[in-house]
Structure formats: C-alpha cells, structure tokens
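Visitor: Quick note: the sequence shown uses our numbering, first residue -12, plus one each step. My questions all concern the structure below.
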Amino acid sequence: MMISEVTEQELIEYAREDADDPEVFKAFNIILAACKSYIRSYTGLTDELIDTKEDLTIALMVLANEMYENRTFTVENDKVNVVVKTILNMHSINLL
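As structure tokens, then:
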C-alpha cells in the first residue's frame, strides 16, 4: 500500500479507535496530513518518490498512532521512535 492510498479510516482502525466518532475522524484527518508532511520534510522525497517506498507506509501508521495516543510525537531521552527513524533514514536524501 502506498502512502497516498492511506485513509483516515485505516489509521483509525490501526489505532483501534471508534470509527463512528466524528471527533476521532477529525483528529486523524489532521494527523494524516501532518504525518505526510513530516515524512516529506524528514526524507526530502517528493510525494511521487514516497509512493515508491512501500515500507514508509508502516512508518506513517506508527507515527500517526503515536501522535494520536500521545497527542504529540514522543521523544524519550532525546530519542525518536526507532522504527520510524530507521525507515525514514533509509530513504532520506537531505542528510547533511
């Protein structure tokens, strides 16, 4: 599945939340847009290139779930989520 195909409904199901709650849907609508933007900024990839990397989809889902669960992107002890960081680093073209 490509990132462009991911829907709010799929993220809600992944998070095991109430899909009928309009507030949950609204939150995941915002989170989905934020996750896509974060992945674009972090990797430096275009939307077209992001869609060629299917493993980025799980990074998006984990990131979205964590954003929802914690309402922020959790950084513990100055460490970014290892799964998300590893996948994004594999595709990052804007490393210094």
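We put the beta carbon where it would ideally sit given N, CA and C, even for glycine.
1. Could you check how far apart the C-beta atoms of Phe15 and Leu(-2) are, in whole angstroms? I think they sit under 8 Å.
2. Roughly how many whole angstroms lie between the Cα atoms of Ile37 and Ile(-10)?
3. Evaluate Ile26 with the Cβ neighbour count: other Cβ atoms within 10 Å of its Cβ, from every protein chain shown; 16 or more gives buried, anything less gives exposed.
4. Only counting the same chain, and skipping five residues up and downstream in sequence, which positions put a Cβ closer than 6 Å to that of Asp34?
5. Give a yes or no on whether the C-beta atoms belonging to Leu50 and His78 are separated by under 8 Å.
6. When the distance is taken between beta carbons, is Leu75 closer than 8 Å to Val(-7)?
7. Helix, strand or coil for Ser(-9)? Go by DSSP, reduced to three states.
8. Where does Leu32 sit, in a helix, a strand or coil, going by DSSP?
Guide: Concretely, from the data shown:
1. Position 28 of the sequence shown, counting from 1, holds the residue named residue 15. Position 11 of the sequence shown, counting from 1, holds the residue named residue -2. Your pair Phe15 and Leu(-2) checks out as a contact, with CB atoms roughly 5 Å apart and the cut at 8 Å.
2. Within the sequence shown, residue 37 is the residue found at index 50, counting from 1. Within the sequence shown, residue -10 is the residue found at index 3, counting from 1. If you draw a straight line from the Cα of Ile37 to the Cα of Ile(-10), it comes to about 7 Å.
3. Counted from its first residue, the sequence shown places residue 26 at position 39. By the 10 Å Cβ count, Ile26 comes out buried.
4. In the sequence shown, the residue the question calls residue 34 occupies position 47. Contacts found: none.
5. Counted from its first residue, the sequence shown places residue 50 at position 63. Counted from its first residue, the sequence shown places residue 78 at position 91. Using a Cβ distance threshold of 8 Å, Leu50 and His78 do not count as a contacting pair.
6. Counting from one through the sequence shown, the residue named residue -7 turns up at place 6. Counting from one through the sequence shown, the residue named residue 75 turns up at place 88. When the beta-carbon positions are compared, Val(-7) and Leu75 stay at least 8 Å from each other.
7. To locate residue -9, count along the sequence shown from 1; it is residue 4. Secondary structure of Ser(-9) (DSSP, three-state): helix.
8. As a working mapping, residue 32 is identified with position 45 in the sequence shown. Residue state, collapsed to three classes: coil.
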